[in-house]
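When we follow my numbering, the leftmost residue of the first sequence carries the number -19, and every step to the right adds one.
Positions of the beta carbon are idealized from the N, C-alpha and C atoms, including for glycine.
Quantities reported herein were computed from a predicted structural model and do not represent experimental measurements.
Below you'll find the structure, written out as structure tokens, and then a few comments.
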Amino acid sequence: MPELPEVETTLRGIAPCLEGHAIAAMVVRNSSLRWPVPAAVSRAEGQVVSACRRRAKYLLIEIAEAGGGLLLHLGMSGSLRICDADDAPRKHDHVDIVMDSGLCVRFNDPRRFGALLWWDGNPEAHELLRDLGPEPLSNDFSGEHLWRLSRGRKGAVKSFIMDGHVVVGVGNIYASEALFMSGILPSRAAGRVSAARHEALAAAIRDVLAHAIRRGGTTLRDFVNAEGNPGYFAQELLVYEREGNACFQCGTPIRRKVIGQRSSYFCPRCQR
DNA sequence: ACTGGATCCTGACTGC
DNA sequence: TGCAGTCAGGATCCAG
-19 MPELPEVETT
-9 LRGIAPCLEG
1 HAIAAMVVRN
11 SSLRWPVPAA
21 VSRAEGQVVS
31 ACRRRAKYLL
41 IEIAEAGGGL
51 LLHLGMSGSL
61 RICDADDAPR
71 KHDHVDIVMD
81 SGLCVRFNDP
91 RRFGALLWWD
101 GNPEAHELLR
111 DLGPEPLSND
121 FSGEHLWRLS
131 RGRKGAVKSF
141 IMDGHVVVGV
151 GNIYASEALF
161 MSGILPSRAA
171 GRVSAARHEA
181 LAAAIRDVLA
191 HAIRRGGTTL
201 RDFVNAEGNP
211 GYFAQELLVY
221 EREGNACFQC
231 GTPIRRKVIG
241 QRSSYFCPRC
251 QR
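Below, the structure written as structure tokens:
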């Protein structure tokens, strides 16, 4: 479920509850997430959260006093919500970060593809983070970057922009949207997209992600922010899950095609 | 170095 | 109603 805008929305929701406050307890009801939740997460107990950040789709809850912090990934079906620590847990509420304030940040994840780990020292050096590409909303990301990395690549440009080593945070929804916005067929070989079109693609990725963040993310089925509310970008999707509906630009029916085992949506007339 | 495929897991939905 | 099959927003790992 969550792509970069949804993770960013979640971060902005939980940060005020965490930053500057002490963690009273880490309650792990079910430790079998993508990787087992390590006992080390209890090192957060009794410590003040110094900062909350995001890198790619990972949430970093930094605890300077402990020389490390919590690393959280929402996977495909995870969400974080703020509630009272004594609210009864619901199905799939696997972990609570209980705060001194009496509030708690509760991690729910039906499919358990999410992760909660502990990092020591510099989080950027963590094995899950160290080989990641640039943030799409940073100055390190550009059309020139995409063009350079794509030379000689025969795989579909859609799979290319979803590869976290190329650029982070572009998931299945926004990949289809950005390719439509820049007029590029998702199945086209990445290495056969011109420099000018990579420039347009980079701009589209930036625009669609920034706009989705302003709308509080995309709720297709079950995404909710930290307050339990949905995001409002779904109503603005141009091609995603619009198979058979008229293209907003030319009226041609939107098509669906599986690329890299993921559904891809595109206009066969507007995209080349 | 790159690419495609399998895989982890539950729930919602479809068609018989 | 029930049941089998399909699909889902991620990303790692492995074989070739």
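Pair within 8 Å by beta-carbon distance, residue i and residue j
i	j	result
E223	I234	yes
A4	D73	no
G123	E179	yes
F121	A182	yes
L218	F160	yes
A176	G135	no
G262	A44	Shown here, the chain extends from -19 to 252; a query on residue 262 therefore has no answer.
G0	V21	no
I41	L108	no
T(-10)	N152	no
Y154	A192	yes
V148	A36	yes
Rounded C-alpha distance that separates residue i from residue j
i	j	result
R249	C230	8 Å
N209	V85	15 Å
W99	A46	10 Å
V8	E(-12)	24 Å
R128	T198	31 Å
F203	E(-14)	8 Å
S11	P103	22 Å
E207	L39	17 Å
S130	D76	42 Å
Y220	R242	12 Å
G163	D187	14 Å
A19	R172	48 Å
R133	A65	50 Å
G144	V78	32 Å
G240	L126	19 Å
R(-8)	R110	24 Å
S174	F228	25 Å
L200	R61	18 Å
A105	R168	34 Å
W15	N119	33 Å
Cutoff 7 Å; reference residue i; Cβ partners in own chain excluding five residues on either side
i	result
L266	Because residue 266 is not part of the residues shown, which for the chain are -19 to 252, the question remains open.
Close Cβ partners of residue i (< 6 Å) along its chain, the five nearest in sequence each way excluded
i	result
N225	I234
Y212	R195, G196
S244	K138, S156, P166, K237
A(-5)	C32
R23	A46
V17	V8, S11, L96
G101	none
Residues of its chain near residue i, where Cβ-Cβ distance is below 8 Å and the 5 sequence neighbours each way are ignored
i	result
C63	L83, C84, R86
D89	L13, L54, G55, S57, G58, S59, H72, H74
T232	A226, C247, P248, R249, C250
V150	E(-17), L(-16), P116, I141, M142, A158, I185, L189
M6	V21, S22, A24, E25, V75, D76, I77, V78
Any non-hydrogen atom of the ligand PLP within 7 Å of residue i CB
i	result
S57	Ligands in the displayed structure: none, and consequently the ligand PLP is not present.
What are the complete beta strand (DSSP E) segments, minimum 3 residues, inside the stretch 60 to 129?
73 to 79, 83 to 88, 95 to 100
Would you be able to state if there are at least three C-beta pairs under 8 Å between the stretch 42 to 50 and the stretch 108 to 117?
no
I'd like to know if the stretch 17 to 33 and the stretch 54 to 72 are in contact, where contact means that at least 3 CB-CB pairs between them fall below 8 Å.
no
Quick one: which unbroken beta strand (DSSP E) runs of 3-plus residues sit fully inside the stretch 20 to 57? Chain order, please.
31 to 35, 38 to 43, 48 to 53
Write down every uninterrupted run of the alpha helix (DSSP H) in the stretch 127 to 205 whose length is 4 residues or greater and which is fully enclosed by it, in chain order.
137 to 141, 152 to 161, 175 to 194
At 3 residues or longer, what runs of the beta strand (DSSP E) sit wholly inside the stretch -16 to 22?
3 to 8
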